[in-house]
Structure formats: C-alpha cells, structure tokens
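Working notes, beginning with the structure itself.
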Amino acid sequence: MSPFRIIALVVGLGALLLPLFVSIPGLSLAGHITLGIFLMAAIFWVTEPIPIYATSLIVILLQIMLLSVQGPFASSAEVPLTQPEETETRYQWAIPAEAITEDGELYLMSNARQGQKITVIRVGEENGTVIVESPRLSEDSDIAATTDHWLLEFQPVPHTTFLHSLANPIIILFLGGFILAAAAVKYELDRNLTRIILKPFGNRPAYILLGLMLVTAVLSAFMSNTATTAMMMTVIIPIVRQLEGSDKFRIGLALSIPFAANIGGMATPIGTPPNAVVIGALTAQGISIPFGTWMLLASPLVVVLLFLIWQLLLKVYPCQEERIKLQLEGTFLTTPRAIVLYVVFGLTILLWVTEALHGISSSVIAFIPIALLPAFKIIEKPEIRNLSWEVLWLMAGGISLGLSMRDTGLATWLIGLIGWEGMGALMVMAVFGMVAVAMSNFISNTVAATLLTPLAISLALSPEMQDIMTLDITAVMIAVGASLGMALPISTPPNAIAISTGMVRTPDMAKMGVIIGLGGIVLAIITSRFYWPLILG
Numbered sequence: 214m215s216p217f218r219i220i221a222l223v224v225g226l227g228a229l230l231l232p233l234f235v236s237i238p239g240l241s242l243a244g245h246i247t248l249g250i251f252l253m254a255a256i257f258w259v260t261e262p263i264p265i266y267a268t269s270l271i272v273i274l275l276q277i278m279l280l281s282v283q284g285p286f287a288s289s290a291e292v293p294l295t296q297p298e299e300t301e302t303r304y305q306w307a308i309p310a311e312a313i314t315e316d317g318e319l320y321l322m323s324n325a326r327q328g329q330k331i332t333v334i335r336v337g338e339e340n341g342t343v344i345v346e347s348p349r350l351s352e353d354s355d356i357a358a359t360t361d362h363w364l365l366e367f368q369p370v371p372h373t374t375f376l377h378s379l380a381n382p383i384i385i386l387f388l389g390g391f392i393l394a395a396a397a398v399k400y401e402l403d404r405n406l407t408r409i410i411l412k413p414f415g416n417r418p419a420y421i422l423l424g425l426m427l428v429t430a431v432l433s434a435f436m437s438n439t440a441t442t443a444m445m446m447t448v449i450i451p452i453v454r455q456l457e458g459s460d461k462f463r464i465g466l467a468l469s470i471p472f473a474a475n476i477g478g479m480a481t482p483i484g485t486p487p488n489a490v491v492i493g494a495l496t497a498q499g500i501s502i503p504f505g506t507w508m509l510l511a512s513p514l515v516v517v518l519l520f521l522i523w524q525l526l527l528k529v530y531p532c533q534e535e536r537i538k539l540q541l542e543g544t545f546l547t548t549p550r551a552i553v554l555y556v557v558f559g560l561t562i563l564l565w566v567t568e569a570l571h572g573i574s575s576s577v578i579a580f581i582p583i584a585l586l587p588a589f590k591i592i593e594k595p596e597i598r599n600l601s602w603e604v605l606w607l608m609a610g611g612i613s614l615g616l617s618m619r620d621t622g623l624a625t626w627l628i629g630l631i632g633w634e635g636m637g638a639l640m641v642m643a644v645f646g647m648v649a650v651a652m653s654n655f656i657s658n659t660v661a662a663t664l665l666t667p668l669a670i671s672l673a674l675s676p677e678m679q680d681i682m683t684l685d686i687t688a689v690m691i692a693v694g695a696s697l698g699m700a701l702p703i704s705t706p707p708n709a710i711a712i713s714t715g716m717v718r719t720p721d722m723a724k725m726g727v728i729i730g731l732g733g734i735v736l737a738i739i740t741s742r743f744y745w746p747l748i749l750g
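Numbering (my numbering), first residue to last: 214 to 750.
Structure, rendered in structure tokens:
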C-alpha cells in the first residue's frame, strides 16, 4: 500500500472517531456517530485508500453496528425489571439506582414506547437497588439503564432498514438498465442502432460530429455512459485515421464522445447514478418523479447543451477536410433470442416513458428485463458476473447514509451552519448546483450527489425554508450539476476513456470542460426558474 493510501486510511479512521471525543453543541450523540461515519466516507470516497464501493459497504456495516437496535450500543441501553425478593404487590420492581431520577421518574425502552417517561413511587431499597411501584410496569417492560442515556434522544431502527438499501427500488431500476445494456452489447443492438442513426448525417465533418454526439447521448440515456463511450470511441477511430495529424478536428471528435455521454446521461433516471440517487432520496420523502416526467424535465436542457457543445467544438477544433467517408456496415441479428431482446428492450423503454399514464413504477418495470432476459438465456452467467455491481453497492451506501443523516439530525445540523435565510430560492438552487459541479470535477459524480442530496432535503424541510425552497427542483439541480463536472480525466469514466486513447490531452479537456460546466449550470438555473416549475407544478 502506498504512503498516500496509508495516510488517507489513517485520516479517515481518525475522522470516524473524532466526533466521539469532541462535543458539538446542538448535535445528539447519535448525530456525532453519524458525523464520524459521514466524514470517514467522504474522505475514503475522495482519496480511495480502499475501493469506493467497499467504503459504501463499510458505511452500512457501521450503521448496523452503531445505530440499529441489533447493535451493541442499543442493547446496552436497556435493563429488564426484576421482582423484589419480598413484595406485597405485583406492581413492585427492583431497578438500578441510576435508572431513576431524583423526582421518581424513569424511561421505558420497549419498542414504540422508547423514551417514554413515567412516574413511579419509590418504596425502598434492597441490595443496592431501588424498589419502585407502578401499575404501568410489567415483567415485559424494559427501562433505560441510565436517565441520561443517549438513546433516549434517538430511536434505533431495525438493522434491516440499512440492509434494505441494497435492494432499494432505485437499485433495482439501475440493475434493469445494466441488464438491458449488457444484452444490447452482446447482440450488437447498440452498434446497429448507431449505424442507422448515423447514416442520415452524410459525410460533411460538422454533421458527422453532430450525429456522433446525438448517438452517444441517446445510447447513454439508456445504457452505461462508460460502456457507450468505450463503444463510440471505436467508431471514431477509423474517422480519425482519415485526418491529417495536424487537423484539430481529431481532438474535437475525441472530446465529443465523453462530453455527449455525460450530457446524455441526464436525460433519463437510469442514464447516470446521480439521477437515481436523487430520485431515491425524493421517493423516501414521498415525492415521486416518474420516468417520463424526468425525461420531460431534462431532455430540453440536454438538447440545448448538445447543440452548444457541438458549435463550440466546431469553432475551437475546425476540420481541414470538406468530406469524410464513413464505413457503416452491419445487420440486425435475426436469431430467436435477438428478436426476444428487441421485444423486451422496446417494451421496457415504452413502459418507462409512459409511466405517468399507466402508473407502474419504473423499478417494477425494470424487473421485466431482469427476469425475462436470463429466463430466455439472452443474458447468461458471464454477462451477469460482469455487471457493474460495484456501482450498485456505491449507490446503496449513499442511500443508507442519507437515512442516518436524516434520522439523527446530522443533516439538519450541517444545514444550520450556513445562513440560508437571506437567500432566495434561485440562489439556493444555484449554490447547490455550482457546488455539485465543483465537487464532481474531483470526485465521483455519484458521491457528490450522495453527499449533497441529504443536505438539500434537510434544508428544504426546515421551518425557515419550507416556504422558500422547492425540494424536488433543488434535487434535480444537484443531479444535473453532478453530471456537468467533466473538466478532468478523473471527473468521469468517459473522460478517462477518452484520455486513454491518446487522441486528446488533459489541457484540452480541462478548457472545454470548464466552459461546459459553467455554461451548463447557468442554463440549468434558467431552466429551473422558467421551465421545471411547469412540469413539477
């Protein structure tokens, strides 16, 4: 292990323990524990001393051990009642002296009555314990071990609450997308769609570039943008070979693919993980954004951004050739399994897009390809093993962490550190959007959305901002902002793939990425002011 990773590991573990030794006013002990988990996760996600998906699993493990009713801390809060050796009534009980206040009160810790205070009559003492009497106590009652136990301020949840994040409906939605994408690659559906879509764009460089960007964006809306970029980079290699080495258009072609993949992912809930993170968090708050509604929200912004990026690339990297010959060959497979794939693929997309009409949840629809494609042996063991399970684990950790941040009051406390009261709704959205863009340039866009979304939710639910801030619009802004971070090779996997080809240099990517990020967030802010409210009401 490198010295940097060792340092990052030590710093992360130190951050986990730090809140337990520093008392923060206004934050419960449960909030302190969650803050430690949050800081450790943030440091590990950014520096990656261990894989980011492993960090997510550790987050879930720590939550189960430290914040659930099955954890050792929760069980230490309760003591059972015992009957005194000599008692005149069945309502008398022997309890530890530290479990009763000077005013003769104690706290029940049984199921839904946790933290409920009751008054008892102090009868006497026996063998170092206090004898109390109350008809509200029974042999099934458990009471708080001490009157100042931290769990009196926090209701531990079942450990299954955290485990369920691994099977959250949003996880299932993304799994359905991964299954469809893997099948499309296996049966060359993606390549054949590319061939059909590119054919009308002719052989003029400007329109070839536009066609490549549109194909990439459309595929990225329904497939992994990483897989789409990998495929499309192979498509442009023959085009690049026809150009002179000094032709700047080579750079424009290489940049167009990752940029279009990043932008195209905004268009659907399954296009990129930040979309799923936001939708999952909103769903937990009782706010539903159907598949088709999300497309209505994002598609106009995606189209405008693609057009502007196309024009920008043409201006900065003009082509020296007037015509470029494309080699577009291939046919659709007509095997029975391929035909079944086409039907399942088309049916799934159709049901997703029309979700608002039939009311079937997009995660339920996603189960159609999950169930049918393996049943017809369209997807088999090798493809299932190669699915991006680590992305699902990463998202699960973020969903689980968001639950704890909400329930322990940590998110509310973090939001309170900033003076939001003087800001209007537009300013709040702009701040979250710009922070999302900035963070996503240096860390995973999924991680950026995971860290920011719970904070936005807590702020929107605070009394000071309920009448000012619109939660769903702000959350969508975070998702869009996270997808706009594309200035560096480490910003997104599509960027890394483009750099790895040797056709583009980091300074070119950084220059264009900054312009797109800044211009994109300005457009998103304008859209959030005039268009999104029309869709979300």
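Glycine residues also receive a C-beta, built at the ideal position from the N, C-alpha and C atoms.
> Given that a residue counts as buried once 16 or more other Cβ atoms are within 10 Å of its Cβ, and exposed if not, what is Gly726?
Replying inline: buried
>> Only counting the same chain, and skipping five residues up and downstream in sequence, which positions put a Cβ closer than 6 Å to that of Gly390?
In response: Ile483
>> Whole angstroms are fine: how far does the CA of Pro371 sit from the CA of Ile273?
In response: 13 Å
> Given Trp745, which residues of its chain have a CB within under 8 Å of its CB, disregarding the five upstream and five downstream residues?
Replying inline: Leu510, Ile686, Val689
> Would DSSP call Thr268 helix, strand or coil?
Replying inline: helix
>> Do Ile476 and Val717 have their beta-carbon atoms positioned less than 8 Å apart in this structure?
In response: no
> How would you label Ile612, buried or exposed, when you count the other beta carbons within 10 angstroms and need 16 or more for buried?
Replying inline: buried
> For the region 599-670, which segments carrying the alpha helix (DSSP H) assignment without a break, of at least 4 residues, lie completely within its bounds, in sequence order?
Replying inline: 602-620, 623-628, 638-653
>> At the level of alpha carbons, what is the spacing between Pro418 and Val556?
In response: 35 Å
>> Less than 8 Å between the C-beta atoms of Met479 and Val693, yes or no?
In response: yes
>> Please return the same chain residues whose Cβ sits closer than 6 Å to the Cβ of Pro582, not counting the five positions on each side in sequence.
In response: Gly389, Ile392, Leu393, Val557, Thr561
> So, helix, strand or coil for Arg404, using DSSP?
Replying inline: helix
>> For Phe520, count the other beta carbons within 10 Å of its own beta carbon; 16 or more makes it buried, fewer makes it exposed. Which is it?
In response: exposed
> Does the beta-carbon distance from Leu402 to Leu563 come in below 8 Å?
Replying inline: no
> Starting from Val235 and walking both ways along the beta strand (DSSP E), at which residues does that stretch end?
Replying inline: Note, Val235: premise wrong, no beta strand (DSSP E); not H, not E.
> Where are the alpha helix (DSSP H) runs, 4 residues long or more, that stay fully inside the region 509-586, in chain order?
Replying inline: 549-566, 568-571
>> I'd like to know whether the C-beta atoms of Asn708 and Pro549 end up nearer to each other than 8 Å.
In response: no
> How many angstroms separate the CA atom of Val282 from the CA atom of Val650?
Replying inline: 38 Å
>> Give the list of continuous beta strand (DSSP E) stretches no shorter than 3 residues that lie fully inside the region 419-466.
In response: none
> If we call anything under 8 Å between Cβ atoms a contact, is Val648 one with Ile265?
Replying inline: no
>> Using a Cβ distance threshold of 8 Å, determine whether the region 440-458 contacts the region 514-531, with at least three qualifying pairs required.
In response: no
>> Counting C-beta neighbours from all protein chains within 10 Å, is the total for Arg598 16 or more, i.e. buried, or is it exposed?
In response: exposed
>> For Thr260, report the span of its alpha helix (DSSP H) as first-last.
In response: 242-260
> When you compare only the Cα positions, how much space is there between Leu622 and Ala588?
Replying inline: The sequence as given places Gly at residue 622; Leu does not occur at that position. Between Gly622 and Ala588, the C-alpha separation is close to 45 Å.
> Mapping DSSP to helix, strand and coil, what is Ala307?
Replying inline: strand
> So, are the CB atoms of Ala474 and Thr442 less than 8 Å apart?
Replying inline: yes
> Buried or exposed: where does Phe504 fall if 16 or more other Cβ atoms within 10 Å of its Cβ makes it buried?
Replying inline: buried
>> Determine, for Ile237, whether the minimum Cβ-Cβ distance to residues of chain D falls below 8 Å.
In response: Structure shown: chain D not included; a single protein chain is present.
>> Looking at the strands, I want to know which residues DSSP matches up with Ser281.
In response: Val370
> Is the CB-CB distance between Ile205 and Leu280 below 8 Å?
Replying inline: Absent from the structure is residue 205, since the part of the chain shown begins at 214 and ends at 750.
>> Quick check: the region 638-647 against the region 228-247, are at least 3 beta-carbon pairs closer than 8 Å?
In response: no
> Which one or two residues does DSSP pair with Val343 in a beta bridge?
Replying inline: Ile308, Glu338
> Using a Cβ-Cβ cut-off of 7 Å (strictly less than) and excluding sequence neighbours within five positions of Asn416, which residues of its own chain qualify?
Replying inline: Arg536, Ile537, Lys538, Leu539
>> Taking the alpha carbon of Leu630 as the reference point, which residue from Leu668, Glu593, Ala397 has its own alpha carbon closest?
In response: Leu668
> Relative to the C-alpha of Leu229, which residue among Tyr304, Leu585, Thr268, Ile409 is closest?
Replying inline: Thr268
>> With the cut-off set at 8 Å, would you say Ile748 and Leu639 are in Cβ contact?
In response: no
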